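So the sequence shown is numbered by this note's numbering: it starts at 12 and just counts up by one.
We treat Cβ as the ideally placed atom computed from N, Cα and C, and that holds for glycine.
In this text, all values refer to a predicted model and were calculated from it rather than measured experimentally.
To keep things clear, I will list the structure first and then write my remarks on it.
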Amino acid sequence: MKKVLAVAYYYPPLGGAGAVRLVKFAQHLPRFGWEVVVLAPKDAPSGARWEGEVLRGEVIYTKYIDIFGPLRKRAAHLAIPREHLGPVRRHSLRTFLAWSLNEFVAVPDSRVGWYPYALREGIRRVQKGDIAVIYSSSPPETTHLVAKAIHRRTGVPWVAELRDLWTQNPFYRRSFLRLWVERWLERRVLKEADAIISVTKECCKRLRKDIRTSSVYLVRNGFDPDDFLSVRPKRFSKFTIVYTGTMYYPYQDPSPLLEALKSLVSNGIVPKKNIEVIFIGTDISPLKELLKGSIVSEIVSSLPKVSYFESIAIQRGANVILLLLNKRISGLLKLYEAIGSGRPILAISPDRSGEPVEILRSLGVEVVSEPREIEEMLLKLYKDYIRTGGSASDVRPESRALQFTRQEAARRLAKVLDRVSSATDVKREPMVGKLREEGC
12 MKKVLAVAYY YPPLGGAGAV RLVKFAQHLP RFGWEVVVLA PKDAPSGARW EGEVLRGEVI
72 YTKYIDIFGP LRKRAAHLAI PREHLGPVRR HSLRTFLAWS LNEFVAVPDS RVGWYPYALR
132 EGIRRVQKGD IAVIYSSSPP ETTHLVAKAI HRRTGVPWVA ELRDLWTQNP FYRRSFLRLW
192 VERWLERRVL KEADAIISVT KECCKRLRKD IRTSSVYLVR NGFDPDDFLS VRPKRFSKFT
252 IVYTGTMYYP YQDPSPLLEA LKSLVSNGIV PKKNIEVIFI GTDISPLKEL LKGSIVSEIV
312 SSLPKVSYFE SIAIQRGANV ILLLLNKRIS GLLKLYEAIG SGRPILAISP DRSGEPVEIL
372 RSLGVEVVSE PREIEEMLLK LYKDYIRTGG SASDVRPESR ALQFTRQEAA RRLAKVLDRV
432 SSATDVKREP MVGKLREEGC
């Protein structure tokens, strides 16, 4: 069995979407002839922690230095007496220092303090002679700098994966100078990769155009059927509509849903005490103006971010999974979990276009945009809920949904690893037909 060295910041005990993706690759790649050796930081800062089992395998945990730590301490002990600074001035100075640290020190990101330790341990591991391919996954982009340096020093082929775009990310916020530097760095780094992977068709197209390489492959995220079968659904006492993950308002706008709910509740069609909408892991403060003085405000609530498996349990127990779609935001990870949950999906898209819409339509899921359509769909689902005594219609994922599983993603990644490992320079091969085959 061949081995791939995975350079990744997010791996248990760190959590998050990046950790889930790599854990699933480590779980499923062996059936396609690849064993994953993980290179990850130890005791690194992260907002999310992993909760759940991880398959045993080789993991190299390295030292990690938070470059912002010492600099923050220095900034906190400026030789300017606090009494000489008013509250506004103190705030402005802190804001400026934070901006300066992020703008000029954290290149390409705030995790760059991991670079020397990851590089040293990565080279040591590759020099044992059994690593066939180096694989790096971003964000953070520091992983690509590490992988590129190992690739250069050892000659082992390298596959760079961008789960999110780098400088082309629609939410990328940098000064003109920083943007110019990072665009130069992005092209310089990624051009050396033997292959590039991303998770959506649109991201693949942008990378092919910007990096000017045809060696770009589509390896989607997905859902793992075993995870959904192993988790006990959370029980709710009301007809519950659930949204999980970050909501980028106003790009993802629940206003049509709120209008539909207002009509259903105010007209007495659905009793207010019988229905609730829960946003999990996102800030709903932008909705305060929309909810102000509305009868709907009493049925809308939020919960803090939960673990991957808690999220699955909640989705399995919900009566409706809410998806807010927008062409600027792929939202595909939550889409796959919604498909895997087996629960009815309420997909709202203003223009009913984009890759998520295409995927849902291929599975026979209706995509709506107008409050009236949403109202009709919710009323039908609510009647099913009443008829079944409080249980939602449990729609099992069909066989055509299997193309969106984690197992299928691992198979696609294995094909890329096979090609790269069997070629001295994959960029010399004619790739157009192969790209079509991969759906990118």
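I'd like to confirm the pairing. Which residues does DSSP put opposite residue i in its beta bridges?
| i | result |
| --- | --- |
| residue 229 | 209 |
| residue 379 | 359 |
| residue 52 | 73 |
| residue 354 | None, per the DSSP bridge assignment. |
| residue 60 | 25 |
| residue 334 | 358 |
| residue 251 | 287 |
| residue 234 | 416 |
Determine the closest residue to residue i out of the options, with distance taken between C-alpha atoms.
| i | options | result |
| --- | --- | --- |
| residue 231 | 323, 339, 391 and 31 | 31 |
| residue 284 | 149, 45 and 247 | 247 |
| residue 79 | 121, 242 and 249 | 121 |
| residue 250 | 355, 383 and 346 | 355 |
| residue 390 | 275, 207 and 430 | 275 |
| residue 322 | 349, 382 and 264 | 349 |
| residue 329 | 243, 196, 16 and 194 | 243 |
| residue 417 | 33, 22 and 71 | 33 |
| residue 379 | 352, 140 and 336 | 336 |
| residue 128 | 198, 154, 119 and 206 | 154 |
| residue 267 | 289, 381 and 347 | 381 |
| residue 434 | 54, 144 and 124 | 144 |
| residue 202 | 258, 225, 360 and 216 | 225 |
| residue 180 | 199, 217, 165 and 75 | 217 |
| residue 54 | 26, 36 and 333 | 26 |
| residue 252 | 315, 209, 325 and 236 | 325 |
| residue 258 | 23, 344 and 70 | 344 |
| residue 385 | 272, 238, 429 and 114 | 272 |
| residue 210 | 198, 196, 228 and 199 | 228 |
| residue 412 | 340, 393 and 236 | 236 |
| residue 263 | 399, 319, 363 and 51 | 363 |
| residue 423 | 156, 29, 24 and 41 | 41 |
| residue 316 | 370, 360 and 256 | 256 |
List the whole-angstrom C-beta distance separating residue i from residue j, where the pair is believed to meet the contact cut-off of C-beta under 8 Å.
| i | j | result |
| --- | --- | --- |
| residue 306 | residue 287 | That pair is no contact at about 13 Å. |
| residue 366 | residue 212 | 6 Å |
| residue 291 | residue 254 | 7 Å |
| residue 17 | residue 49 | 5 Å |
| residue 124 | residue 72 | Between residue 72 and residue 124 the Cβ distance is about 15 Å, and since that is not below 8 Å, they are no contact. |
| residue 206 | residue 431 | 5 Å |
| residue 174 | residue 147 | Actually they do not touch by this definition, with Cβ atoms about 11 Å apart. |
| residue 171 | residue 117 | No, residue 171 and residue 117 are not in contact; Cβ-Cβ is about 20 Å, not under 8 Å. |
What span of residues does the beta strand (DSSP E) with residue i cover, start to end?
| i | result |
| --- | --- |
| residue 172 | 169-173 |
| residue 14 | 13-18 |
| residue 311 | 311-314 |
| residue 142 | 142-149 |
Taking the alpha helix (DSSP H) that residue i belongs to, which residues open and close that run?
| i | result |
| --- | --- |
| residue 114 | Where residue 114 is concerned, there is no enclosing alpha helix (DSSP H), given that its DSSP letter is neither H nor E. |
| residue 434 | Where residue 434 is concerned, there is no enclosing alpha helix (DSSP H), given that its DSSP letter is neither H nor E. |
| residue 5 | Outside the displayed span of the chain (12 to 451) sits residue 5, for which this structure offers no information. |
| residue 299 | 299-302 |
| residue 160 | 153-165 |
| residue 129 | 126-137 |
| residue 196 | 187-201 |
Kindly indicate which three-state DSSP category residue i falls into: helix, strand or coil?
| i | result |
| --- | --- |
| residue 30 | helix |
| residue 46 | strand |
| residue 397 | helix |
| residue 266 | helix |
| residue 178 | coil |
| residue 340 | strand |
| residue 416 | strand |
| residue 292 | coil |
| residue 281 | coil |
| residue 374 | coil |
| residue 78 | coil |
| residue 35 | helix |
| residue 258 | coil |
| residue 425 | helix |
| residue 220 | helix |
| residue 364 | coil |
| residue 349 | helix |
| residue 411 | helix |
| residue 308 | helix |
| residue 244 | coil |
| residue 507 | This structure cannot speak to residue 507, because the chain is shown only from 12 to 451. |
| residue 66 | coil |
Under 8 Å, Cβ to Cβ, is there at least one residue of chain D near residue i?
| i | result |
| --- | --- |
| residue 417 | Of the protein chains in this structure there is only one, and it is not chain D. |
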